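To keep things clear, I will list the structure first and then write my remarks on it.
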Amino acid sequence: MIALFFNDISRKINQGIIPSLCIMGHMILGTALVYMFPRSNLAFLVLITSFFSLYYFEADRRFKFVAGAVLTLLIFPVVGVRNIFYLEVIFQISVFSALALGLNIVVGFAGLLDLGYVAFYAVGAYLWAFFGSQQFYILHYAPGTQPANLPFLMPGDTFYLFVFAAIFVAALTGILLGTPVLRLRGDYLAIVTLGFGEVIRVLANNLDKPLNLTNGPQGITPIQRPTMPQAAVDGFNALFSRVVGHTVSPADMYNVMFYLFALAVIIVIVFVTRRLDDSKIGRAWTAIREDETAAIAMGVPLVKMKLAAFAVGASFAGVMGVLLAGSRTFISPESFSFMQSIGVLSMVILGGSGSIPGVILGAATVTILNLQILQGLSLYLSQLRQSDAVIPIIHFAWANLSSQLDPAKYQRLLFGLILILMMIFRPAGLIPSRRRKRELVSDALTDQDKE
Amino acid sequence: MKRFVKSINIREMLRPLGQMLIFSLGSTVILSALMLALALILDRTIVGQALFQRLNVSLYTYTLVNLPQVAIDGLTIGFVYAAIALGYTMVYGVLEFINFAHSEIFATGAFVGVEVLIGLEKFGILSGASLAMAYGYLLLAIIAGMLAAGALAVSVERVAYRPLRHASRLVPLISAIGVSFLLQDLIRLTESLTTGQYNRIMPTFGNFDHRILLGRMTLGATHIALGVSIKSIIVIVSAVLMLMGLNYMVNATKVGKAIRAVAQDPQTASLMGIDVNRVISLTFLVGGMLGGAAGVLYALKFTRIDPFVGFFPGLKAFTAAVLGGIGNMTGEPCSAASFSACWRPTPAPIWGFSPWALPAPNIKTSSPSAS
Chain A
271 MIALFFNDIS RKINQGIIPS LCIMGHMILG TALVYMFPRS NLAFLVLITS FFSLYYFEAD
331 RRFKFVAGAV LTLLIFPVVG VRNIFYLEVI FQISVFSALA LGLNIVVGFA GLLDLGYVAF
391 YAVGAYLWAF FGSQQFYILH YAPGTQPANL PFLMPGDTFY LFVFAAIFVA ALTGILLGTP
451 VLRLRGDYLA IVTLGFGEVI RVLANNLDKP LNLTNGPQGI TPIQRPTMPQ AAVDGFNALF
511 SRVVGHTVSP ADMYNVMFYL FALAVIIVIV FVTRRLDDSK IGRAWTAIRE DETAAIAMGV
571 PLVKMKLAAF AVGASFAGVM GVLLAGSRTF ISPESFSFMQ SIGVLSMVIL GGSGSIPGVI
631 LGAATVTILN LQILQGLSLY LSQLRQSDAV IPIIHFAWAN LSSQLDPAKY QRLLFGLILI
691 LMMIFRPAGL IPSRRRKREL VSDALTDQDK E
Chain B
4 MKRFVKSINI REMLRPLGQM LIFSLGSTVI LSALMLALAL ILDRTIVGQA LFQRLNVSLY
64 TYTLVNLPQV AIDGLTIGFV YAAIALGYTM VYGVLEFINF AHSEIFATGA FVGVEVLIGL
124 EKFGILSGAS LAMAYGYLLL AIIAGMLAAG ALAVSVERVA YRPLRHASRL VPLISAIGVS
184 FLLQDLIRLT ESLTTGQYNR IMPTFGNFDH RILLGRMTLG ATHIALGVSI KSIIVIVSAV
244 LMLMGLNYMV NATKVGKAIR AVAQDPQTAS LMGIDVNRVI SLTFLVGGML GGAAGVLYAL
304 KFTRIDPFVG FFPGLKAFTA AVLGGIGNMT GEPCSAASFS ACWRPTPAPI WGFSPWALPA
364 PNIKTSSPSA S
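If you're matching them up, the sequences are chains A and B in order. Each residue of the first sequence is one higher than the one before, starting from 271 at the first, in the working numbering. Each residue of the second sequence is one higher than the one before, starting from 4 at the first, in the working numbering.
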């Protein structure tokens with residue numbers, strides 16, 4: 271009934287010029303709100319949900335394309351430079367969307383549960399961290415004892431080269447890790463990939479002896495960035511400095527630049543994923559996911575296809591790893607823990623495995639929950655703790671609340687809840703993939719036939 | 004009374020003991036031989052020379068002298084892992100799915116047991132306790148941990164696994180990972196709210212820290228004491244008792260027969276009048292209780308626990324369970340467990356003698372963080 275009601279409404283709204291107006295209205299409202307309240311999380315949420323309007327309203331494709339481009343290329347950078355925290359959120363959303371899209375190929379398309387996906391991210395990150403820092407010259411020093419004023423191994427502009435190198439290196443790692451585990455199915459594969467994820471992290475942690483390759487738990491810093499053309503900073507300042515309210519420094523522009531890089535990677539990934547999904551390889555993956563034995567019987571080259579899924583998924587993570595190393599200028603093994611893998615997995619599961627818009631939605635939701643809602647709650651609680659307010663009925667002073675109760679630290683709780691609830695109530699995700707939807711519909715039909 | 008005594012299947016009770024003895028001794032001997040061979044090979048290389056310069060002994064002697072202590076320590080930890088591994092094996096045997104949350108059930112058991120002991124210490128009961136009473140309190144803590152962990156395991160199955168029993172295989176696994184993460188933070192949340200911190204230390208009482216000296220060995224200028232602490236003996240004895248109990252329950256009682264039947268074929272078992280849901284709940288209960296007891300033993304051995312303590316022991320125990328043959332319910336769960344017990348010493352010698360981290364002579368090689 272409810273679905274019918276909504277269909278009715280959407281049919282009435284999606285006529286003529288109304289949807290375009292709605293999209294425009296949503297975007298303008300969001301921008302205006304963010305402009306008026308630069309610190310409000312709510313205003314930012316209104317702006318970022320413009321993507322919903324963009325996705326659900328049926329407007330002309332060219333209009334949608336232009337609106338999306340304006341939103342991502344113009345409004346987000348300007349708003350982000352104005353309040354650098356927003357830019358951080360947007361950047362993290364892009365990074366995790368890209369990671370989740372990569373994992374989506376392995377989990378959603380090929381149905382291979384990979385619990386160590388962050389390993390490939392680490393491979394990319396350490397690749398650029400090694401070549402883009404002074405690490406090569408301190409191979410024989412214990413961490414922390416290197417002399418000052420060492421040169422860098424590679425100039426910063428080779429970053430672009432390493433973005434492409436990371437594709438191959440990470441894909442190779444994916445194949446190397448994938449080869450021995452191909453015989454495994456389902457849950458055993460999951461455990462083995464978990465083990466591999468840990469192996470990479472432990473390697474990064476311990477490869478400071480006998481040759482100091484990774485600088486151990488202290489991590490590698492500083493890592494170079496590509497040079498920023500002064501013209502870009504000047505141009506941005508000339509155009510937007512009045513809107514932003516202050517002159518933009520090159521450091522801010524770097525954040526914008528890496529956000530744009532991440533965006534470009536996402537676009538490439540979405541393009542590749544969609545083409546793969548419709549291709550022979552994509553159909554082979556679906557066959558493997560649904561029934562491995564039947565797939566072999568139909569002549570699907572199982573080994574090749576599984577390795578392809580591992581390699582494609584891994585290469586995207588590798589590229590994002592290089593981006594991460596460049597944007598943070600610091601990496602340490604801590605960034606590649608098991609929890610990160612589970613975080614990316616929960617994004618895929620929440621959005622809907624196998625569905626591209628779903629996975630992006632999942633990544634955005636989890637990141638916003640993590641960075642804005644949980645941290646906002648933490649801030650609110652610490653404010654309460656400093657005031658002398660009292661919970662009315664039970665007479666509990668907020669000041670007595672344990673400082674351990676900091677919602678920002680409870681990411682595991684969030685990930686765990688997402689995974690359990692989605693599995694029990696909506697295993698296909700928030701935006702199920704088209705194929706899943708068809709399967710579910712046909713299931714419902716056959717059920718009706720039986721009755 | 005006479006009928007009851009007659010109904011006890013002595014053979015089934017003693018069989019796992021023999022198995023465990025053979026497995027643990029055998030693997031200790033094999034692994035020790037491997038280690039010695041490795042030491043002989045490495046003796047001539049730079050590794051052996053570096054050691055010789057530092058301690059003035061050859062790597063072979065060093066290995067030979069340190070090996071017994073390492074083997075004892077490894078066996079102790081091995082039995083803890085064996086007790087954890089039983090929970091994985093039982094659930095896998097019946098449901099064919101990896102209970103990822105078992106490591107957190109283990110951690111819950113550890114926390115409840117330690118909290119009981121801390122509570123007793125707060126009231127001053129623990130410090131004045133006689134030796135017999137100290138053992139009684141430890142038993143109390145173990146039982147409390149078992150009950151809490153068992154109850155938790157059953158309720159987790161009810162809430163997070165039962166609705167998904169007919170879904171595809173990956174669905175309950177993902178749900179189990181979710182439960183594992185959720186429980187880690189729930190433990191942390193409750194501990195932070197009630198005590199203000201989430202690292203807990205097992206109180207010292209009784210004579211558990213006492214070390215029984217078995218002998219002395221000379222290594223260059225220093226002596227190495229070969230000994231085993233009382234708590235290691237407690238850990239081994241209770242783990243062996245648990246393994247024997249489980250083996251008896253599965254192989255020689257009516258309930259065990261029902262569990263084996265469900266493990267083989269749930270549908271046919273339900274046709275034979277076995278309540279499959281109840282048997283599955285029971286499996287989780289038993290597995291959880293063993294995990295909880297293992298948690299308290301772990302806390303006794305390593306004294307310090309935190310909410311994330313379960314992850315690595317859980318992973319290792321799972322590895323051990325797979326090595327011993329996971330889901331080997333119909334046959335001999337104990338052989339799996341005891342095999343895992345023997346497998347465990349491996350990392351300890353390897354780490355103890357790894358060329359880059361040669362420890363000082365009074366080695367304590369088998370710390371959980373090292374392996």
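Heads up, the beta-carbon is just placed ideally off N, CA and C, and yes, glycines get one too. Just so we're clear, the structure is a prediction, and the values are computed from it rather than from any experiment.
- Annotation for A/Thr428: no beta strand (DSSP E) segment contains it, and DSSP assigns it neither H nor E.
- Taking the Cα positions, A/Leu382 is about 57 Å away from B/Gly131.
- Unbroken alpha helix (DSSP H) stretches of 4 residues or longer found wholly inside the segment 301-384 of chain A: 311-318, 320-326, 331-339, 346-352 and 354-374, given in chain order.
- Close to chain A, meaning a Cβ-Cβ distance shorter than 9 Å, are the following residues of the segment 149-177 of chain B: Val162, Ala163, Pro166, Leu167, Ala170, Ser171, Arg172, Leu173, Val174, Pro175, Leu176 and Ile177.
- Around B/Gln187, the beta-carbon contacts reaching into chain A at under 7 Å are Arg682.
- B/Val231 is bridged by DSSP to B/Ile215.
- Only residues of its own chain outside the window of five on either side were considered, and among them Val265, Pro269, Ala272 and Ser273 have a CB closer than 8 Å to the CB of B/Val279, listed in chain order.
- Within chain B, no C-beta atom comes less than 9 Å from the C-beta of A/Phe307; the nearest is roughly 32 Å away.
- Contacts between B/Phe82 and chain A, judged by CB atoms closer than 7 Å, are missing: the closest CB pair is about 23 Å apart.
- Residue-level contact by beta carbon fails for A/Met527 and chain B, as no gap is shorter than 7 Å.
- Closer than 9 Å at the C-beta level to chain B, one finds these residues of the segment 447-467 of chain A: Arg455, Gly456, Asp457, Tyr458, Ala460, Ile461, Leu464 and Gly465.
- Chain B has no Cβ within less than 7 Å of the Cβ of A/Met617.
- B/Thr221 is bridged by DSSP to B/His226.
- According to DSSP, residue pairing for A/Val660 in a beta bridge involves A/Ala667.
- Close CB contacts of A/Phe429 within its chain, under the 6 Å cut and outside five residues either way in sequence, are with Pro496 and Gly596 (chain order).
- Counting only unbroken stretches of 4 or more residues, the alpha helix (DSSP H) elements lying wholly within the segment 535-580 of chain A are 550-560 and 562-567, in sequence order.
- Residue A/Ile375 holds the alpha-carbon nearest to the alpha-carbon of A/Leu615 among A/Pro499, A/Ile375 and A/Leu651.
- For B/Phe26, the uninterrupted alpha helix (DSSP H) segment begins and ends at Ile13 to Asp46.
- Note on geometry: alpha-carbon atoms of A/Gln404 and A/Pro425 lie some 11 Å from one another.
- Comparing alpha-carbon positions, the option among B/Ile145, B/Glu99 and B/Val97 lying closest to B/Phe109 turns out to be B/Ile145.
- Nearest CB-CB separation between B/Gly139 and chain A: not below the 7 Å threshold.
- Out of B/Gly81, B/Leu318, B/Leu43 and B/Pro166, the CA that lies nearest to the CA of B/Ser30 is found in B/Gly81.
- Proximity of chain A to B/Ile87 at the Cβ level (cut-off 9 Å) is not reached, the minimal Cβ distance being about 15 Å.
- Rounded to whole angstroms, the separation of the alpha carbons of B/Ala151 and B/Thr111 is 7 Å.
- Here the C-alpha atom of B/Lys9 lies approximately 15 Å from the C-alpha atom of B/Leu17.
- Taking 7 Å as the cut-off, the beta carbon of A/Lys334 is found closer than this to the beta carbon of A/Leu324.
- When secondary structure is reduced to three states using DSSP, B/Arg172 falls in the coil class, being assigned neither helix nor strand.
- With respect to the 7 Å criterion, B/Gly230 and B/Ile215 are classified as neighbours on the basis of their beta carbons.
- Not flagged as an interface residue toward chain B: A/Met297, since no C-beta distance is shorter than 7 Å.
- Neighbours of B/Ile239 in chain A, taken as residues at a C-beta separation under 8 Å, are lacking, since the least C-beta distance is about 28 Å.
- Here the alpha carbons of A/Val513 and B/Ser195 stand approximately 45 Å from one another.
- In the three-state reduction of the DSSP assignment, A/Ile493 falls in the coil class, being assigned neither a helical nor a strand state.
- Within the segment 491-516 of chain A, no residue has a Cβ lying closer than 7 Å to any Cβ of chain B.
- Taking all protein chains shown into account, B/Thr221 has fewer than 16 neighbouring C-beta atoms within 10 Å of its C-beta and is therefore exposed.
- Residue pairing of A/Ile601 in beta bridges, as defined by DSSP: A/Ile490.
- For B/Val182, the C-beta contacts it makes with chain A under 9 Å involve Gly686, Leu689 and Ile690, in order along the chain.
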